[in-house]
Amino acid sequence: MQARNPVLFVVLVGSALCTVLFLRDLGSATAAENVFNGLVALFLWFTVLFANFAEALAEGRGRAQAASLRRVRADTAARRRLPDGTTEEVPATALAVGDVCVVAAGEVIPGDGDVVEGVASVDESAVTGESAPVIRESGGDRSAVTGGTRVLSDRIAVRITAPPGATFLDRMIALVEGAERRKTPNEVALNILLAGLTAVFLLAVVTLQPYAVYSGARQEVLVLVALLVCLIPTTIGALLSAIGIAGMDRLVRRNVLTMSGRAVEASGDVDTLLLDKTGTITLGNRHAAALVAMPGVDEGDLARAAHRSSLADETPEGRSIVEFTRGAAAPAGAGAEEDLEPVPFTARTRMSGVDGARTRIRKGAVDAVAAWVRECGGTVPGDLADAAARIGAEGGTPLAVAEAAAPGAGGARDGAAARVLGVVHLKDVVKPGMRERFDRMRAMGIRTVMVTGDNPLTARAIAEEAGVDGFLAEATPEDKLALIREHQRGGGLVAMTGDGTNDAPALAQADVGVAMNTGTQAAKEAGNMVDLDSDPTKLIEVVEIGKQLLITRGALTTFSIANDVAKYFAVIPAMFAGVLPPLDALNVMDLASPRSAILAAVVFNALVIVALIPLALRGVRFRPLSAAAMLRRNLLLYGVGGLIAPFAGIKLIDMIVTALGVS
1 MQARNPVLFV
11 VLVGSALCTV
21 LFLRDLGSAT
31 AAENVFNGLV
41 ALFLWFTVLF
51 ANFAEALAEG
61 RGRAQAASLR
71 RVRADTAARR
81 RLPDGTTEEV
91 PATALAVGDV
101 CVVAAGEVIP
111 GDGDVVEGVA
121 SVDESAVTGE
131 SAPVIRESGG
141 DRSAVTGGTR
151 VLSDRIAVRI
161 TAPPGATFLD
171 RMIALVEGAE
181 RRKTPNEVAL
191 NILLAGLTAV
201 FLLAVVTLQP
211 YAVYSGARQE
221 VLVLVALLVC
231 LIPTTIGALL
241 SAIGIAGMDR
251 LVRRNVLTMS
261 GRAVEASGDV
271 DTLLLDKTGT
281 ITLGNRHAAA
291 LVAMPGVDEG
301 DLARAAHRSS
311 LADETPEGRS
321 IVEFTRGAAA
331 PAGAGAEEDL
341 EPVPFTARTR
351 MSGVDGARTR
361 IRKGAVDAVA
371 AWVRECGGTV
381 PGDLADAAAR
391 IGAEGGTPLA
401 VAEAAAPGAG
411 GARDGAAARV
421 LGVVHLKDVV
431 KPGMRERFDR
441 MRAMGIRTVM
451 VTGDNPLTAR
461 AIAEEAGVDG
471 FLAEATPEDK
481 LALIREHQRG
491 GGLVAMTGDG
501 TNDAPALAQA
511 DVGVAMNTGT
521 QAAKEAGNMV
531 DLDSDPTKLI
541 EVVEIGKQLL
551 ITRGALTTFS
561 IANDVAKYFA
571 VIPAMFAGVL
581 PPLDALNVMD
591 LASPRSAILA
601 AVVFNALVIV
611 ALIPLALRGV
621 RFRPLSAAAM
631 LRRNLLLYGV
641 GGLIAPFAGI
651 KLIDMIVTAL
661 GVS
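Note that the UniProt record's numbering has the sequence shown beginning at 1, numbered continuously upward.
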């Protein structure tokens, strides 16, 4: 196991060798020598032990979650549909890809699949932690279901898409337990660098003995082995794996399942984010933002008409109009209290409204309402088209409101009172705080691109309000794929989210593809991450977690290498100061003796790993800085800190060792 990490393998071999030397000399050495040799061997073993503790602690944080997922994965019975339409009861483990199962209210879904028939409310709290049930239905982008979740109402038919042992829960359990974690390319490269540094320090220590013999200060093999272990980059070698596991664990704790460590690293290196407008940048439903009355029309009359025509409208837009006009829609004038009959919206009329004994009110598409007013004998003011064009240019949706007298009401001529009252400005509301989040991304050198099916005018207005760097309007799946490839050809890394089958090609092409758990199975298979909460804005958090992983690894690597350089200049002068007086000038810490110096270095080398384990698991605090600013900060804090810490720590331990008389 240690052989996979060249630095720790050297420490393991050195610990074993020192133990053998200690046991060999146990009978012939003095008591003081035995104590010194034994403590060196002991703390070398502690170094190996603490290095493995770091990885074990990182993996252990996922054990509780894995245990809960195993309880969800308990064997269940499934009702498999046969070709003749009947069903048979079989164990869930006997299901194969393509089998169709029938699941009714109160039953557990036996495996991962897509709903091919029916619609149902599903409790996914065992997987996502979210108590609110979700709707799953056939034929849409919310058809995917996860094995182990429970149907709360109705009845659905599910086509199985994953064989037993390869389900979503199986993969998640393997992830949180670290069973399938492979080293990423960056980790492999860093391991090669650490192995090279180990070889350099090995040569440096090997050459010390001939030099020591020549100068009359021959060193014991045990001391040289201990010195080698102190000088090689054991700190980052011990913490490297723990940093990667902890980064993946931070994603899991935010309900994001990543299929590989490579995806986490890539998320920290992305320079372009593709974000859907609806549901990600905006709330997803248009809201009433303003009323524009026509000339000669009181705004209160417009507000009352819009309010009354929307009371029976259960759409999000209708509810927002009721809420927006509530204060200004107090009944006024004759006919305000009349009984009103709802007129539902249809694709043919593109209007909805109400009919009363004296008044008819309509709201809907501008051209449809204008045509209705003309049919009722009224005239359409030229200001209507101007107001609609202005709202559209601002990225909003105009909704015209008109009224007409009911046929035969009060003896008036039919349609005599038909008129356009004004326009309701419906606006795609940008989520609070999005501009600030995009500013954070920009500070890190990440470009944000909004992807929408809206026309360019609307897209531009939303993009300017949200603060994104660019937008792709009237986007098709082919357009998304082409945009991703264009950025990648320039050497960039791209991240995007998606939930539909039509998003699958782009998710597969992107360097980081975050699929929504509510989406289709095709989208989840194409992406390299799955967001269990199905929150499209989670992509920004994923990028920040990826950057935090890279920052933590870079910071601790800087600290470790600086640490090794400082230990070299702290210990070597003390070891040879007795026979080479000029070196005594470099013994700035005034270490008591060569033995106390090497023992203090070994103890410090072991304890510094323990001290840094919490930082490796928690991660270095993330700040939205540019790469240059981040490098300066890390060099100043962890580079200089890594140089100073050994001098202070080794001196303190040397004083304790000397006071105890064990050197």
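We put the CB at the ideal spot given by N, CA and C, even for glycine.
- According to the DSSP assignment, P594 belongs to the alpha helix (DSSP H) that extends over 594–618.
- By the Cβ neighbour-count rule, G433 is exposed, with fewer than 16 other Cβ atoms within 10 Å of its own.
- For A162, the closest C-alpha among the options A92, E107, A104 is that of A92.
- Out of P594, A305, G247, Q509, the CA that lies nearest to the CA of A526 is found in Q509.
- G546 is not a Cβ neighbour of E187, given a cutoff of 8 angstroms.
- With a threshold of 16 other beta carbon atoms within 10 Å, A94 falls short and is exposed.
- The beta-carbon separation of C101 and V158, rounded to 5 angstroms, stays under the 8 angstroms limit for a contact.
- In the three-state scheme derived from DSSP, where H, G and I count as helix and E and B as strand, D479 is classed as helix.
- For a cut-off of 8 angstroms, the C-beta gap from V7 to T234 is around 6 angstroms, short enough to register as a contact.
- Non-local C-beta neighbours of V119 in its own chain, meaning closer than 8 angstroms and more than five positions away in sequence, comprise I135, R136, E137, S138, D154, I156, ordered along the chain.
- In the DSSP assignment, L532 falls outside any alpha helix (DSSP H), carrying neither H nor E.
- In its chain, beyond the 5 residues on either side, P133, T149, R150, L152 have a beta carbon closer than 7 angstroms to the beta carbon of D123.
- DSSP places M450 inside the beta strand (DSSP E), whose first and last residues are 447–451.
- Between the segment 497–509 and the segment 526–540, the count of Cβ pairs shorter than 8 angstroms is three or higher; the stretches touch.
- The secondary-structure analysis by DSSP pairs L426 across a beta bridge with A288, T397.
- DSSP lists M351, A400 as the bridge partner or partners of G364.
- In this structure, M294 is the residue among R304, M294, A459, C376 with its C-alpha nearest to the C-alpha of A387.
- By the criterion of a C-beta distance shorter than 7 angstroms, D479 is surrounded in its chain by L472, once the five residues flanking it on both sides are discounted.
- In this structure, the alpha-carbon of K277 lies about 32 angstroms from that of V343.
- Apart from the 5 residues on each side of it in sequence, V223 sits with its Cβ closer than 6 angstroms to the Cβ of I598 in its chain, given in chain order.
- For I281, there is no enclosing beta strand (DSSP E), as DSSP marks it with neither H nor E.
- For G356, there is no enclosing alpha helix (DSSP H), as DSSP gives it neither H nor E.
- Just measuring C-alpha positions, the residue of A616, V423, R553, G649 sitting nearest V571 is G649.
- Boundaries cannot be given for R623, as no beta strand (DSSP E) includes it and DSSP labels it neither H nor E.
- DSSP places R80 inside the beta strand (DSSP E), whose first and last residues are 77–81.
- Residue range 119–123 is occupied by the beta strand (DSSP E) that includes V119, with no alpha helix (DSSP H) assigned at that position.
- For V256, the enclosing beta strand (DSSP E) has its first and last residue at 256–258.
- By the CB criterion at 8 angstroms, L549 and G268 fall inside the cutoff.
- The C-alpha of S241 lies about 27 angstroms from the C-alpha of A515.
- Between the alpha carbons of L17 and L660 lies a distance of about 26 angstroms.
- With respect to the 8 angstroms criterion, L426 and V401 are not classified as neighbours on the basis of their beta carbons.
- By the Cβ neighbour-count rule, S143 is buried, with 16 or more other Cβ atoms within 10 Å of its own.
- Exclusion of the five residues before and after R360 leaves A404, A406 as the residues of its chain whose Cβ lies within less than 6 angstroms of its Cβ.
- The continuous alpha helix (DSSP H) containing F9 extends over residues 6–24.
- Secondary structure of S28 (DSSP, three-state): coil.
- In this structure, DSSP gives D339 a state outside helix and strand, which the three-state scheme calls coil.
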